[in-house]
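> Below is one structure. I have some questions about it.
Structural data, given as structure tokens:
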């Protein structure tokens, strides 16, 4: 149930149990949902706010997912799109854990190499492995460098 705040805006109801992902880079909330495997046909109860005013970020997105706590590999994927995100674990309406995301130095099985000739894109049982650099993601098998549009390469 939602209620209105005194200024006439809509306040999103708190969740009893689940995860709140705050400080998502503005415009990336739908990509975060894709990373979590949440589609229009899944059964999760969601609250999504996009382009919310933020003193710290200017604007941000927020995602609330009821009855689900994120796995470490999901948090690693989110960190690629939202390096300033905060993950809040909610139990019985209380924040029991709050942590920031960290982009690991090496990503295994998280990003698909765009090089069709890379061994990770063949039938070999080899997981993609990328080194995280300031200039992008570097494939350790074929030396391909992903500089832009990382969201479309996340597995």
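Numbering (the numbering used here), first residue to last: 3 to 157.
Don't be surprised by glycine CBs; every beta carbon is placed ideally from N, CA and C.
Between the alpha carbons of residue 105 and residue 75, how many angstroms are there, rounded?
Cα to Cα, the separation comes out at about 11 angstroms.
> Along the chain, which unbroken stretches of the alpha helix (DSSP H) at least 4 residues long are found entirely within the stretch 3-85?
Those alpha helix (DSSP H) runs which fall completely within the stretch 3-85 and span 4+ residues are 31-37 and 74-83.
> Looking only at its chain, what residues have a beta carbon closer than 6 angstroms to the beta carbon of residue 17, apart from the 5 residues adjacent to it on each side?
Closer than 6 angstroms at Cβ, skipping near neighbours: 66, 68 and 92.
> Which of helix, strand or coil does DSSP assign to residue 90?
In the structure shown, residue 90 sits in a strand (DSSP, three-state: E or B).
> Can you tell me which residues form a DSSP beta bridge with residue 157?
BP columns for residue 157 are empty, so no partner.
> Report all residues from its chain with a CB closer than 7 angstroms to the CB of residue 140; omit the five preceding and five following residues, and keep chain order.
Closer than 7 angstroms at the Cβ level, and outside the excluded window around residue 140, lie 132, 133 and 147.
> Just to confirm before moving on: does the CB-CB distance between residue 61 and residue 31 stay below 7 angstroms?
Taking 7 angstroms as the Cβ cut-off, residue 61 and residue 31 do not qualify as a contacting pair.
> State yes or no: is the beta carbon of residue 106 nearer than 7 angstroms to at least one beta carbon in chain D?
Included in the structure is just one protein chain, with no chain D present.
> Counting Cβ pairs, one atom from each stretch, are 3 or more of them under 8 angstroms apart for the stretch 19-30 and the stretch 79-92?
They touch, by the three-pair rule.
> Have a look at the DSSP bridge pairing and note the partners of residue 108.
In DSSP, residue 108 forms a bridge with 133.
> Just to confirm the assignment, what range does the beta strand (DSSP E) spanning residue 142 have?
Careful: residue 142 lies outside any beta strand (DSSP E) and carries neither H nor E.
> Would the beta-carbon of residue 110 fall within 7 angstroms of that of residue 87?
Contact flag unset, no.
> Please report how far the alpha carbon of residue 55 lies from the alpha carbon of residue 99, in whole angstroms.
Each residue's alpha carbon lies about 24 angstroms from the other.
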